[in-house]
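Under the numbering used here, think of the first position of the sequence shown as 1, with each following residue one higher.
One structure is given below, encoded as structure tokens.
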Amino acid sequence: MGPFALPVPGYRLGIHSRASKRRKTDDGDDAETEVEPGWDRASSSHLPSDSINPRSYSPDTLRQLAVAGLAPEDDIPSETYPPFPHKPLPSEHRRETRGRSRSRSRRIPSAAENDGDDGAAAAKRADKLVTAKQYSDRLRHLGTLTAVVHRCLAEGDIARAKRAFGLLVRTKDVDVRHAGFWAVGSEILMRDGEGTTGQQQQEHQQEQQQQQQQQQQQQQEPLSSHAGRLRRWGTPANVDKVRDYLETLIQLHPHDVHRPHLTSALDFWPALFGIEIYSLDAEFRGALQRLRTSEEEEEEENSENEEGRMTYGDEHDEEEQDYDRQQRRQAARAARDELRLDTRDAAERVARRMDQTMESTAFGAHRELLRLRGNLCLYIADLSLPSRLVDDVKEDDSHAEEELSPTQIEDILRERAESADEYSALSRRWEELEKARGFFRKILEGGGEVDDWARKLVLVEEEEEEDHHDGDYDGDVW
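What follows is the structure, given as structure tokens:
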């Protein structure tokens, strides 16, 4: 096996075994009898074709001997083994009988049989050798194409990887479900259109080196200083191609409860939803980055204009300047809120599709789908927050060094809320947070593992509920 596993089923590689047959012995124990696929059950007589019947058996007896795989000169099995034919012959007796017949056949062959049998056997062996060599060469060629796909993906030559992948999936030997080859196809479709020239590859390598050198500086700088450096995996235009590809695999290979070990829709759905969620977040981050860059440029331009007016004696009142800044800030927040709402609507559409898929028992208990659904709830909860509340919390450093629970964060946000829309947004956020806890709790109850922060989110809720019920009850208020 080469460095890359072939996406070819085992039965096409000759990796298969035949189950041995079991029979009952006289003492009641099970015994295994091996199947000999090469054994010819026809009569193996060593006598010439025109010879007389040496034992003067009747025609019916001769036919029964032929059916039993015995020669006309062999003894009747019932004479040496009385239970025959109501019980099969012992394996040792059958092997000895076949051995005697074949040895006699090799010792006394006729000239006509010699020529005919040798010619037919030689032709059959030659055909088998040619077929085996052709198939071996075919598998070697498939292995080479598989290596080409992985090598081109690693080097960024997506066009060539796409051609090699197309050649592989058109053959009858390749099954994309084996060796995770279906995931390779989704990566090729997602990255389709990337540059393949040597200059572009060199620029990509240089950019990676610069990112490694400036990693510590970028962690300390604000996000706005990274304008133009935000990268994403694949392109948004290819998401529809990947969706069609995975939905086709889902239709072709549905989940089979009787064969859960096979790659099926249970593996394709999490990949599809994961790519859609990633694309949503990447598009949101990119659009948010462009908004912040535009705000900074506009702020710099306004600052230069204000300095110019002050230089020539045309000063604005402080109240008017504050009013202008406030208007610009409100316009920026309105733009970010609109972006958040659009992204939240798209995320909710994905969430509804996930809920429909998880209505089935097998999908509803799938840990990866539960994890994705819980993270999507938290993502929708964050998008529900208005930009004003987000900015106020970021500007307040009083709780920067404290480790707050979700309930404490909710209390801080409600203290800063001013309008009915903001209170409604906080209620929606808390509902999504409760949903996320339910999905993570279901994973833990099923014996699965979650990240430390998700486990803490569930445990903190349980502790708060215990404290809540341990308090004094006074009327309708705890």
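Even glycine gets a Cβ: it sits at the ideal position worked out from N, Cα and C.
- Here the alpha carbon of ASP355 sits roughly 14 Å from the alpha carbon of GLY274.
- Of all alpha-carbon atoms in ARG414, ARG371, GLU319, GLY180, the one lying nearest the alpha-carbon of ASP452 is that of ARG371.
- For GLU73, the secondary structure class from DSSP, reduced to helix, strand or coil, is coil.
- Comparing C-alpha distances from SER424 to each of LYS442, SER279, SER384 shows the shortest one belongs to SER384.
- Straight through space, the alpha carbons of HIS178 and ARG428 are spaced by roughly 43 Å.
- Taking a cut-off of 8 Å on C-beta distances, the region 284-295 touches the region 339-353, as three or more cross pairs fall below it.
- Of the residues assessed, PRO7 falls on the buried side of the cut-off, its CB having 16 or more other CB atoms within 10 angstroms.
- Distance from the Cα of LEU189 is smallest, within the candidate group LEU246, ALA454, ARG140, for LEU246.
- Relative to ILE380, the option among ALA436, SER419, ASP267 whose CA is nearest is ALA436.
- Distance from ARG416 to ASP392 at the Cβ level is roughly 5 Å; contact confirmed, criterion being Cβ atoms closer than 8 Å.
- In this structure, ALA66 and PRO77 do not form a Cβ contact; the two beta carbons are roughly 13 Å apart against a cut-off of 8 Å.
- About 14 Å separates the Cβ atoms of PHE4 and HIS141, ruling out a contact at the 8 Å cut-off.
- ARG329 is the residue among ASP256, ARG329, GLU283 whose C-alpha sits nearest the C-alpha of SER294.
- Taken through DSSP and simplified to helix, strand or coil, ARG232 comes out as coil.
- In the structure shown, THR263 falls within a coil segment according to DSSP collapsed to helix, strand and coil.
- Taking all protein chains shown into account, ASP74 has 16 or more neighbouring C-beta atoms within 10 Å of its C-beta and is therefore buried.
- In the three-state scheme derived from DSSP, where H, G and I count as helix and E and B as strand, VAL169 is classed as helix.
- Per the coordinates, the alpha-carbon of PRO82 lies some 16 Å from the alpha-carbon of GLN64.
- DSSP places ASP421 in the uninterrupted alpha helix (DSSP H) bounded by 420-445.
- At a Cβ-Cβ threshold of 7 Å, PHE439 and VAL450 do not count as neighbours.
- Residue range 239-252 is occupied by the alpha helix (DSSP H) that includes ASP240.
- ARG177 sits in coil when the DSSP states are folded into three classes, being neither helix nor strand.
- Rounded to whole angstroms, the Cβ separation of SER264 and ARG336 is 41 Å, and the two are not in contact under 8 Å.
- DSSP places ASP256 outside any alpha helix (DSSP H), giving it a letter other than H or E.
- In the three-state reduction of the DSSP assignment, ARG191 falls in the coil class.
- Around the CB of GLY447, fewer than 16 other CB atoms lie within 10 Å, so the residue is classed as exposed.
- Excluding sequence positions up to five before and after LEU153, its CB lies within less than 6 Å of the CB of ALA161, all in the same chain and listed in chain order.
- Contact between ALA346 and LEU280 holds, with the beta-carbon distance rounding to 6 Å and staying under 8 Å.
- Taking 7 Å as the cut-off, the beta carbon of LEU433 is found no closer than this to the beta carbon of ARG414.
- Look at HIS150 here: in three-state DSSP terms it is helix.
- Under the rule that a run must span 4 or more residues, the alpha helix (DSSP H) segments found entirely inside the region 347-427 read 361-364, 367-384, 387-395, 406-416.
- In the same chain as GLU276, and ignoring 5 residues on each side of it, the C-beta atoms closer than 8 Å to its own belong to VAL239, ARG243, VAL350, in chain order.
- Exposure of LEU252 is indicated by the presence of fewer than 16 other C-beta atoms within 10 angstroms of its C-beta.
- Around the C-beta of SER303, fewer than 16 other C-beta atoms lie within 10 Å, and the residue is accordingly described as exposed.
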